[in-house]
Amino acid sequence: MRRPSARPSQPAPHSLPATPTPPPFNAPAARRLRAALGMTPERVAHDMRVSYGHPRITPDHVMAWERGAAAPSASELTALAGVLWCSPGELIGRPRTLREHRIARGLAPEDVARAVGHELHAYLRMEETDTWRGTDRQSAALAELLGLRLPDFVTVTGGNAKLGDLLRNAVTTRWQAYVRPVAKLVPLDRPFLEGALQALHQDYQGHMAATLSWGGGGSDAGDAARDFLDRIVEHFWTRIQQSPA
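In structure tokens:
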């Protein structure tokens, strides 16, 4: 009996890792820092090649970064900061993600993982998915290490969506019922938080009163109310900053 021939084994399908998005680059700052040092783009490119192991960097790359036509990768940003004698944070715009905050501090993933008590692969996964998973102690260590302000901390730990939902409910119903749930995401003194929620509630109700009144702005007032809800998290942080300590 003839034995069937074995099928050649196929390699297991796998997806290529996505290329990380470059951090937001501050082109005017890079240009200003280079000029202050009296360096040419040629010199910057040379030093990045020779001293920081980026053999493909040319003056055209440096000029493209400074024009805002391109952005350096994370490793190129770190090298550029070394050449320009500045911190990586001086070369990027406002950090938005966990990864960008780490880069702004000039830290390697290993440094953060070790400091907060996570395995490296687990921490890298959090950066890739923009999802922080940590205990209260680990979260506090992360905030201290990266110098996170409270709005940044809520953002990088994935709390913005939940905070937005709570705030929308607070301004459209009874704000008092949402003080405790909001406080779990935003650890502020209760009287301080109550004042901010009450002010937001009054602002929103003012928009709604304008919508419903005979002499109100009609559709314009309704649009303003919807826009207020869409930007509720931004309005919340503005209120927190304006509230007396």
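Per full-length UniProt numbering, the sequence shown starts with residue 1, numbered consecutively. C-beta atoms are modelled at their ideal positions from N, C-alpha and C, and glycine is treated no differently.
Check: What is the residue span of the alpha helix (DSSP H) that residue 160 lies within?
Finding: 160-172
Checklist line | Cβ-Cβ distance between residue 88 and residue 97 below 8 Å | finding: Between residue 88 and residue 97, the C-beta gap is not smaller than 8 Å, which leaves the two residues out of contact.
Next item on the list: Taking only the alpha-carbon atoms, compute the straight-line gap between residue 170 and residue 150 and give it to the nearest angstrom.
Entry: 20 Å
Checklist line | Inter-residue CB distance, residue 158 and residue 131 (contact presumed, cutoff 8 Å) | finding: 5 Å
Check: Does at least one heavy atom of the ligand SAM sit under 7 Å from the Cβ of residue 58?
Finding: This structure lacks the ligand SAM; in fact it carries no ligand of any kind.
Note to self: Check whether the stretch 56-72 and the stretch 31-48 are in contact - that is, three or more C-beta pairs closer than 8 Å.
What the structure shows: yes
Next item on the list: Determine the burial state of residue 30: buried for a count of at least 16 other Cβ atoms within 10 Å of its Cβ, exposed for fewer.
Entry: Result: buried.
Notebook entry, point to check: Taking the C-alpha atoms as reference points, what is the distance between residue 124 and residue 58?
Noted result: 30 Å
Check: Does DSSP classify residue 92 as helix, strand or coil?
Finding: Correct three-state label for residue 92: strand.
Check: What is the DSSP secondary structure of residue 1, counted as helix, strand or coil?
Finding: For residue 1, the predicted model reports a pLDDT of 40, less than 50, meaning its position is unreliable and no value from the coordinates is stated.
Notebook entry, point to check: How far does the alpha helix (DSSP H) with residue 153 in it reach, from first residue to last?
Noted result: 150-156
Checklist line | residue 111 classed as buried or exposed, judged by whether at least 16 other C-beta atoms fall within 10 angstroms | finding: exposed
Note to self: Looking at the secondary structure, which residues open and close the alpha helix (DSSP H) in which residue 235 lies?
What the structure shows: 232-242
Note to self: Please tell me whether residue 186 and residue 163 are closer than 8 Å, where the distance is taken between their beta carbons.
What the structure shows: yes
Check: Does the beta-carbon distance from residue 181 to residue 200 come in below 8 Å?
Finding: Not a contact, by the Cβ cut-off of 8 Å.
Margin query: Between the alpha carbons of residue 86 and residue 226, how many angstroms are there, rounded?
Written below: 43 Å
Next item on the list: Assign residue 116 to buried or exposed, taking buried as 16 or more other Cβ atoms, counted over all protein chains shown, within 10 Å of its Cβ.
Entry: buried
Next item on the list: Check the DSSP bridge columns for residue 228 and list the partner residues they point to.
Entry: Residue 228 pairs with nothing; no bridge assigned.
Notebook entry, point to check: Grouping DSSP H, G and I as helix and E and B as strand, with all else coil, what is residue 14?
Noted result: Only weak support is given to the placement of residue 14: the predicted model assigns it a pLDDT of 40, under 50, and the question is left unresolved by the model.
Check: Apart from the five residues just before and just after residue 233, which ones in its own chain have a Cβ nearer than 8 Å to its Cβ?
Finding: 160, 163, 164, 167
Checklist line | the stretch 100-114 / the stretch 137-145 touching (three or more Cβ pairs under 8 Å) | finding: yes
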